[in-house]
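Colleague: So the protein sequences, as listed, match chains A and B. Sequential numbering of the first sequence, starting at 191, is according to our numbering. Sequential numbering of the second sequence, starting at -8, is according to our numbering. Just so it is clear, CB atoms sit at the ideal spot from N, CA and C, and this is done for glycine as well.
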Amino acid sequence: MTQTVRRHGWAIGLFALLVLLLIITKLIQPGYGASGIGSLARAALPFAFATAAQVIVVIAGGIDLSIASMMAVTSVTAAAMMDGASEEFAVVVVLFVLLLGIAMGMINGILVVLTRVPDIVVTLAMLFVWEGVALLILRAPGGAAAEWLKGIIVGTAGIPGLPAEITAWIPKALLVLVVCLGIVWLPLRRSRLGLSIYAVGSDALAAFRSGVAVNRTKVVAYAVAGLFAAMGGLVLTMSTGIGAPIPGPYLLASVAAVVLGGVALGGGRGGLLGPIIAVFILRLVRTDLTLLSVDPNITTVIEGTIMVVVVILGGLVALRGRSA
Amino acid sequence: MTSESLLDASGVCKSYGPVAALRDASLTVGPGEVHALVGANGAGKSTLVKILTGAVRPDSGRILIRGRDRKVHSPAEARRSGLVSVYQEPALIPDLDVADNLRLTGTPVDPFMKWVRALGIDKLDLFETARDLPLAVLRILDLARALAIEPDVLLLDEMTAALPANLAEKVLDVVRRQCETGRSVIFISHRFLEISALCDRATVLRDGETVGVVDVEAGVEEQIVELMLGTRTELGRAAGKPQQSAGDRRPEGETPRLRISNLGAGTKLEDVSFDLQVGEVLGVIALEGQGQDELFGVLSGSRRALTGKIEVDGTEARFRHPADAIRAGLVYVPSNRVDALLMQRSVRENIALPFCAGAWGPIDMAKENVRVDGAIERLQIDTRAQGEVQRLSGGNQQKVTIARWIATGVQTLLCFDPTRGIDIRTKREIYSLLRELAAQGSSVLLYTSELEEVQLVCDRAVVIFGGRVVDVLPADIANEPTLMRAAYGLPREVSSDAIPGSAPAHGASGIELGPA
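Below, the structure written as structure tokens:
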């Protein structure tokens, strides 16, 4: 039990912060309820996938600056392919786009491993490459999305065995997020491959000496990041009904959530839960400040301050825990 | 013998660019044998270890394991063919807990725990993160992890170095028992006591070559030392030293420039005391990793001491930052020029930096020019490459690192292997520069990995072993064999004082020479 608390201490702290923020939101806007949470989840969805992608690369000791561009590529590909196509064809499109994401991630990873150029440089270059590719596919926002796909993230779903009063508070978007991340992350975390990803990020030489195939592991980490980015791109198309070739502000937001979520930028430390909660915190802060009609320019100042303060506080708590 | 050996490596060569790390190394280990691998710093031990464990590929050579040709390209492959290594630095992943580390390498937990207990650790929390465990425990866990997969050949690189005595004893016990079951151990150690207590045979490397394989018996230390030195003894003699030594005119009873008492830092430097006199060049001799890095780090203000005190000119000093040390007149000249110079900046800026680093105000150009030109002339730095320092040769770069401090009129130089990788002519120039500085009343603390430099430039030499001073020798008796013996923690031999540089011992009795 104490083991679990110690290991997930950061995520638990963030969750407490999120609950606190929800209470504050309720105080500011007494009408805030199930529908508010639903729109929060929908707004957080693409950010959450971008963050998940960033998390796995950062844990493996790298960083991926091309995540938002990969989201744009997958988003426009999906929108272009579904334009005028049948509803059933959308299944093929989803599978194709997910594979496309994996392929783009692998290209990133292979380039990093082969060229031995620092991750940040390679993925910065790929940011521009994927951005160009997205514009080649779709010159301006356009395309379409299948109706059933758009429906996936709207409203709430009944869960068998749970009364409607509870399921009304669980938006479909949140379920989609949990299922998609869980399907990839949980098996990974329980495999030798997952351990290898942590090992490579923590100490590549020690990992090599422990018999880990360092390069292969890095490529896989980037490929999984590509997969998450593709999910993010699909979500974008689902929520807007079109594909947009210019990437949104997902890259820096993903790095911010990674840091706030307790993942060490140096690699090897952290999990997925913390950063995902961090995404919701950052989104909710923004909602609250909008509700309070604070100047949007001040909003970003406050967001930055929260990040720094939380990271410093967390560092202090961790220090105390270690010396105790 | 070859047919029944567990491991047989022969003719192994490896070059890094123009530098040959291994020229013709061989190593044969029989079943049930503890085999020592010894050699001075830079003899090629670590390269051979890396090749055996697959971390580095040899340029040529053959490695047979149980008589079969094996090409190992990674530690994982080496492990599959029965060769497991415990490295000098712990190989556990710092951010994973012990259980995850075992899972990562597929190590069975029960035998692992059995070995952990056999190695003297009774309580171990498998969910402790490796980062939070003390170094000694990490090394034991490394060893237990290696033993748990029952390797045919176990390679231990300085296994006992970071261990307290009781754990080290347990390790030696376990190694002995390991061999009773027909498995073999390759044991790399700087400690002759352990080698003679534990090993059956020893392979000696010198300059990348296997120069001998000896049976370990009483008195073998002398043979090994002689093999390690080889003909280099004569080289040291021939070079000769400018004997206008400050040793003669060292004022008795005067306050030393630098007095170090009971200094300890990090895990390696335990308890070091010595004096550096005014106008003296004091050599520091130590094998790799005996605490010399920590010693120089503390003296130059880049790391904190745990215990002990430093006195400069009779007053106690505490350095929190290199700027404090520099203000006290102590400056550091590292072996790696890249650590000291701004490679993309000009010679002029590099030399001028130390005396404008303290203040942020405008630079007095006229004054700076005088000082910089003086230093350049003094050291005869080749200034054709006026531009970037990185275009200069290694020797000229090293001169710049010294020149920048001379320009500030500094009193104490802390030189850490300043002649590493420098051509012979520039070496000479640096020697005479250091002597000249000493003659003008500066003091020099000189760590060197080339033993002959002690007699070439130093007045005295301090020998450090295991983080402690084991001997202080005046230069005239500090010839290479004596220093080497002292550096390995052996007692000073009486006869070598009388006849410095005894003849090299090729073909001495009991020595089986390496493959021709």
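Can you determine whether any heavy atom of the ligand FAD sits closer than 6 Å to the C-beta of Val460(B), and answer yes or no?
Modeller: This structure does not include the ligand FAD; it has no bound ligands of any sort.
Colleague: Closer than 7 Å, Cβ to any Cβ of chain A: which residues of the segment 94 to 109 of chain B, in chain order?
Modeller: Arg94, Leu95, Thr96
Colleague: Touching or not, the segment 386 to 398 of chain A and the segment 245 to 258 of chain A, by the rule of three or more beta carbon pairs under 8 Å?
Modeller: yes
Colleague: With a threshold of 8 Å on Cβ separation, who are the neighbours of Arg165(B) within its own chain once the five nearest residues in sequence on each side are excluded?
Modeller: It should be noted that the sequence gives Val, not Arg, for residue 165(B). For Val165(B), where only same-chain residues beyond five positions count, the Cβ hits under 8 Å are Trp106, Ala109, Leu110, Leu134, Leu138.
Colleague: Does DSSP put Tyr78(B) in a helix, a strand or coil?
Modeller: coil
Colleague: Short check: CB of Val338(B) to CB of Val401(B), under 7 Å?
Modeller: No, they are not a contact pair.
Colleague: Cβ closer than 8 Å: which chain A residues qualify as neighbours of Pro85(B)?
Modeller: Ser392, Asp393, Ala396, Gly458
Colleague: Output yes or no for whether 7 Å exceeds the beta carbon distance between Asp254(A) and Ala447(A).
Modeller: no
Colleague: So the alpha helix (DSSP H) Leu145(B) belongs to, where does it begin and stop?
Modeller: No alpha helix (DSSP H) holds Leu145(B); the beta strand (DSSP E) holding it covers 144 to 148.
Colleague: Please list the partners that Arg192(B) has in chain A, where partner means a Cβ-to-Cβ separation under 9 Å.
Modeller: From the beta-carbon of Arg192(B), no residue of chain A is found nearer than 9 Å; the closest lies around 27 Å away.
Colleague: According to DSSP, which residues form a beta bridge with Leu437(B)?
Modeller: Gly274(B), Cys406(B)
Colleague: What does the alpha-carbon distance come out to for the pair Glu359(B) and Ala343(B)?
Modeller: 7 Å
Colleague: Do the segment 468 to 476 of chain A and the segment 491 to 498 of chain A touch if we need at least three Cβ pairs shorter than 8 Å?
Modeller: yes
Colleague: Per DSSP, Thr313(A) is paired with what?
Modeller: According to DSSP, which records beta bridges pairwise, Thr313(A) is partnered with nothing at all.
Colleague: Would you call Gly505(A) buried or exposed, if buried means 16 or more other Cβ atoms sit within 10 Å of its Cβ?
Modeller: Looking at its Cβ environment, which holds fewer than 16 other Cβ atoms inside 10 Å, Gly505(A) is exposed.
Colleague: Under three-state DSSP, which class holds Ser486(B)?
Modeller: Residue confidence for Ser486(B) is low, a pLDDT of 46 falling below 50, so the modelled location carries little weight and cannot support an answer.
Colleague: Kindly indicate if chain A contains any beta-carbon less than 7 Å away from that of Asp91(B).
Modeller: yes
Colleague: So, helix, strand or coil for Cys370(A), using DSSP?
Modeller: helix
Colleague: What does the alpha-carbon distance come out to for the pair Leu(-3)(B) and Glu171(B)?
Modeller: 15 Å
Colleague: Whose C-alpha, out of Val272(B), Ile413(B), Asp123(B), is nearest the C-alpha of Pro465(B)?
Modeller: Val272(B)
Colleague: Within its chain, find whatever has a CB closer than 8 Å to the CB of Asp239(B); leave out the 5 residues flanking it on each side and keep chain order.
Modeller: Note that Asp239(B) scores 46 on pLDDT, short of 50, meaning its location in the model is unreliable; the coordinates nonetheless yield the value given after this. Closer than 8 Å at Cβ, skipping near neighbours: no residue.
Colleague: Got a sec? Which residues, its chain only, sit under 6 Å from Glu225(B) by beta carbon, not counting five neighbours each side?
Modeller: Summary for Glu225(B): the model assigns pLDDT 41, below 50, so the residue's position carries little reliability; its value from the coordinates is reported in the next sentence. Non-local beta-carbon contacts of Glu225(B) in its own chain, meaning distances under 6 Å to residues more than five positions away in sequence, are absent.
Colleague: Can you tell me where the alpha helix (DSSP H) holding Glu141(B) begins and where it ends?
Modeller: Counting along the chain, no alpha helix (DSSP H) covers Glu141(B), and no H or E run does either.
Colleague: Residues in the segment 397 to 411 of chain A with C-beta within 8 Å of chain B's C-beta atoms, listed in sequence order?
Modeller: Listed by position, the residues of the segment 397 to 411 of chain A near chain B (Cβ gap below 8 Å) are Ala397, Phe398, Arg399, Ser400, Gly401, Val402, Ala403.
Colleague: So the candidates are Gln389(B), Arg483(B), Gly203(B); which of them puts its Cα closest to the Cα of Ala193(B)?
Modeller: Gly203(B)
Colleague: Exposed or buried, which one is Lys390(B) when buried takes at least 16 other CB atoms within 10 Å?
Modeller: buried
Colleague: Tell me, to the nearest whole angstrom, how far the beta carbon of Ala397(A) is from that of Ile84(B); I am working on the premise that it is less than 8 Å.
Modeller: 6 Å
Colleague: Go to Glu302(B), then tell me how far its beta strand (DSSP E) extends in each direction, as first and last residue.
Modeller: 298 to 303
Colleague: Taking the beta carbon of Pro125(B) as the centre, do at least 16 other beta carbons fall within 10 Å, making it buried, or is it exposed?
Modeller: exposed
Colleague: Please name the residue in Ala262(A), Leu450(A), Val281(A), Ala336(A) whose C-alpha comes closest to that of Gly322(A).
Modeller: Ala262(A)
Colleague: Using CA coordinates, which residue listed in Arg399(A), Leu365(A), Val404(A), Leu371(A) is at the minimum distance from Leu383(A)?
Modeller: Val404(A)
Colleague: Do you know offhand how far Lys5(B)'s Cα is from Leu314(A)'s?
Modeller: 37 Å
Colleague: Compute the distance between the beta-carbons of Ile297(A) and Leu441(A), then report whether it is under 7 Å.
Modeller: no
Colleague: Any C-beta of chain B within less than 9 Å: which residues of the segment 371 to 389 of chain A qualify?
Modeller: Arg382, Leu385, Ser386, Tyr388, Ala389: these are the residues of the segment 371 to 389 of chain A whose beta carbon lies less than 9 Å from some beta carbon of chain B, given in chain order.
Colleague: Taking all protein chains shown into account, decide if Ala357(B) is buried (16 or more other Cβ within 10 angstroms of its Cβ) or exposed.
Modeller: exposed
Colleague: Is Arg48(B) close to chain A? Criterion is C-beta to C-beta, closer than 7 Å.
Modeller: Chain A places no beta carbon closer than 7 Å to that of Arg48(B), leaving this residue out of the contacts.
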